[in-house]
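Student: Residue numbers 99 to 335, in the numbering used here, belong to the letters of the sequence shown in order.
Below: one structure in structure tokens.
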Amino acid sequence: MPTLVLAAHGTRSAAGEETLSALTRTVARARPGQRVELSYLEISSPLLADVLDAARGPVVVVPLLLAGGYHVHIDLPDVIAEHRPDAVVAGWLGPHRLLTSVLARKLARAGLRSTDAVVLGAAGSSDPAALADVRAAAHQLALRLARPVTAAFASAGSPSLEEAMERLGATPAARVAIASYVLAPGFFHDRLAAAGAGLVSEPLGADPDVAALIWHRYDEALRGRRTMPQTARASRH
Numbered sequence: 099m100p101t102l103v104l105a106a107h108g109t110r111s112a113a114g115e116e117t118l119s120a121l122t123r124t125v126a127r128a129r130p131g132q133r134v135e136l137s138y139l140e141i142s143s144p145l146l147a148d149v150l151d152a153a154r155g156p157v158v159v160v161p162l163l164l165a166g167g168y169h170v171h172i173d174l175p176d177v178i179a180e181h182r183p184d185a186v187v188a189g190w191l192g193p194h195r196l197l198t199s200v201l202a203r204k205l206a207r208a209g210l211r212s213t214d215a216v217v218l219g220a221a222g223s224s225d226p227a228a229l230a231d232v233r234a235a236a237h238q239l240a241l242r243l244a245r246p247v248t249a250a251f252a253s254a255g256s257p258s259l260e261e262a263m264e265r266l267g268a269t270p271a272a273r274v275a276i277a278s279y280v281l282a283p284g285f286f287h288d289r290l291a292a293a294g295a296g297l298v299s300e301p302l303g304a305d306p307d308v309a310a311l312i313w314h315r316y317d318e319a320l321r322g323r324r325t326m327p328q329t330a331r332a333s334r335h
């Protein structure tokens, strides 16, 4: 079977890198004997370009990204077009019911109350389609929790995290709970933790459901056999 190459964004957080390494181990344990490699688009190492250069045989690249955006549509295609144009490329992770399950569990573990106002806290993007992905994830979580969930963004996107907190703080809800819609600790989770919410759930992390979703994207990509040049052209139309 083709090597699974996980393509994460990259982080300056040692805890974030360890979480992504733990996720890689969880993914590998789910299919013993299957080769799994972790790589990064920038900042951390090994870089995706180096992993692709070293990989022997066919590869499937699964972006460890929760929504579309610049890294999916520009960075990733550029690296693959230069280093492994024959690579099969999977879709990004979210939204998906498996992520909804992880979010709901982590909120419950953090002490979610029936009266809490819930925010799905995401990194954000200048790409409207990426923001739509996050809002779709918030809608799925709202259905699971049977209450409204507001998508809010720590960087680009509306409403901003601060705007959402101000708006919900004016409601009768006892407190605001933030569901952390990031994969690992780092800059964006720190922004969520500092927003002043009553509770903030842990990042999605090395949860078995995240690993199951990664293999689902891998299998999905192999069935479709999409190579990056086709994906890149599609993303520009």
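For each residue, glycine too, the CB sits at the ideal point set by N, CA and C.
Model, not experiment: these values are computed from the prediction.
Looking at the secondary structure, which residues open and close the beta strand (DSSP E) in which T248 lies?
Tutor: V247 to F251
Student: For G108, does the count of other Cβ atoms within 10 angstroms reach 16, so buried, or fall short, so exposed?
Tutor: buried
Student: Is Y316 buried or exposed, if buried means 16 or more other CB atoms sit within 10 Å of its CB?
Tutor: Under this definition Y316 is a buried residue.
Student: Mapping the DSSP letters down to three states, classify S278 as helix, strand or coil.
Tutor: strand
Student: Say the cut is 7 angstroms; is the CB of V186 nearer than that to a heavy atom of the ligand COA?
Tutor: Here there are no bound small molecules, and the ligand COA is not part of this structure.
Student: DSSP on T101, reduced to helix/strand/coil?
Tutor: strand
Student: Give me the DSSP bridge partner(s) of V48.
Tutor: Any question about residue 48 goes unanswered here, given that the chain covers just 99 to 335.
Student: Please state the DSSP three-state secondary structure of L297.
Tutor: strand
Student: CB-CB under 6 angstroms to A309, same chain, minus the five flanking residues each way: which ones, in chain order?
Tutor: T124, V125 and A128
Student: Quick check on the DSSP output: the alpha helix (DSSP H) that includes S119 runs from which residue to which?
Tutor: Unbroken alpha helix (DSSP H) run through S119: A112 to A128.
Student: Report the three-state DSSP secondary structure of L218 (helix, strand or coil).
Tutor: Residue state, collapsed to three classes: strand.
Student: Beta-carbon within less than 7 angstroms of A240's beta-carbon, same chain only, minus the 5 sequence neighbours each way: which residues are those?
Tutor: P246 and V247
Student: For G284 and L320, I'd like the C-alpha separation in whole angstroms.
Tutor: 32 angstroms
Student: State buried or exposed for Y168, treating a residue as buried only when at least 16 other CB atoms are found within 10 Å of its CB.
Tutor: exposed
Student: How far does the alpha helix (DSSP H) with E318 in it reach, from first residue to last?
Tutor: P306 to G322
Student: For the candidate residues G209, P161, G155 and G189, whose alpha-carbon lies nearest to that of G146?
Tutor: According to the sequence shown, residue 146 is Leu rather than Gly. Nearest to L146 by alpha-carbon distance, out of G209, P161, G155 and G189, is P161.
Student: Please determine, among V298, L229, S137 and A272, the residue with the shortest C-alpha to C-alpha distance to G192.
Tutor: L229
Student: Is L243 helix, strand or coil by DSSP?
Tutor: It is helical.
Student: Out of curiosity, what's the CA-to-CA distance linking G303 and T269?
Tutor: 31 angstroms
Student: Can you list, in chain order, the residues of its chain whose CB lies under 8 angstroms from that of L266, leaving out five sequence neighbours each side?
Tutor: A215, V217, T248 and V274
Student: Just to confirm, is the Cβ distance from G166 to D225 under 8 angstroms?
Tutor: yes
Student: So, at 8 angstroms on beta carbons, what are the nonlocal neighbours of L290 in its own chain, with the 5 sequence-adjacent residues on each side left out?
Tutor: G219, A252, L259, I276, S278, V280 and V298
Student: In angstroms, rounded to a whole number, what distance separates the CA positions of P257 and A250?
Tutor: Cα to Cα, P257 sits roughly 5 angstroms from A250.
Student: Can you name the residues that DSSP bridges to S137?
Tutor: A105
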